[in-house]
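Asker: Going by this note's numbering, the letters in the sequence shown line up with residues 88 to 200, in that order.
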Amino acid sequence: MEYEELVALCGRLSYRDKFRLAQLLIQVARKEEERKNPDNREFIQSNLDEIEYVAERLLKSKPRKKAKLLNFIGAIFQFKGGISDNDKERIVTQLQSKKLLNIDKNGRVTYPD
Numbered sequence: 088m089e090y091e092e093l094v095a096l097c098g099r100l101s102y103r104d105k106f107r108l109a110q111l112l113i114q115v116a117r118k119e120e121e122r123k124n125p126d127n128r129e130f131i132q133s134n135l136d137e138i139e140y141v142a143e144r145l146l147k148s149k150p151r152k153k154a155k156l157l158n159f160i161g162a163i164f165q166f167k168g169g170i171s172d173n174d175k176e177r178i179v180t181q182l183q184s185k186k187l188l189n190i191d192k193n194g195r196v197t198y199p200d
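1. Considering only the alpha carbon of each residue, which of 101, 136, 152 and 109 lies closest to residue 197?
2. Would you give the residue range spanned by the alpha helix (DSSP H) that residue 172 belongs to?
3. Helix, strand or coil for residue 158 per DSSP?
4. So what's residue 105 in DSSP terms, helix, strand or just coil?
5. Taking the alpha-carbon of residue 36 as reference, which of 189, 89, 174 and 158 has the nearest alpha-carbon?
6. Taking just the CA atoms, how far does residue 142 sit from residue 182?
7. Find the nearest neighbour of residue 117 within the set 195, 199, 177 and 164, judged by alpha-carbon distance.
8. What separation, rounded to the nearest whole angstrom, lies between the Cα atoms of residue 121 and residue 171?
9. Mind checking who residue 190 pairs with in its DSSP beta bridge?
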């Protein structure tokens, strides 16, 4: 399939489907770049400002299940090109180590008072 054919087909999508497709393409391209250039990748866990930003937003929303928490973190980075599942897990681990949240064996998330 050629690029021009894809453009024509995309033109027939609803605006919501166009946004979903754009997000998917960004995520796929980012994962491909990570595979091809693992040394050039910027690791989120080393950037404390982003962890603090996630923590600040997280304490306002307070998702109660781990799956929702991971989805929430993904949504935060959606407009920055997306975030890998491994990076989401690293952020959760850092938030737990800072005692900003706890996750029990059933995937239930609790927040200290």
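Every residue, glycine too, gets a C-beta built ideally from N, C-alpha and C.
Answerer: Inspection of the coordinates gives the following:
1. 152
2. 172-184
3. helix
4. helix
5. An answer regarding residue 36 cannot be provided, because it is not within the stretch 88 to 200 covered by the chain.
6. 7 Å
7. 164
8. 9 Å
9. 196
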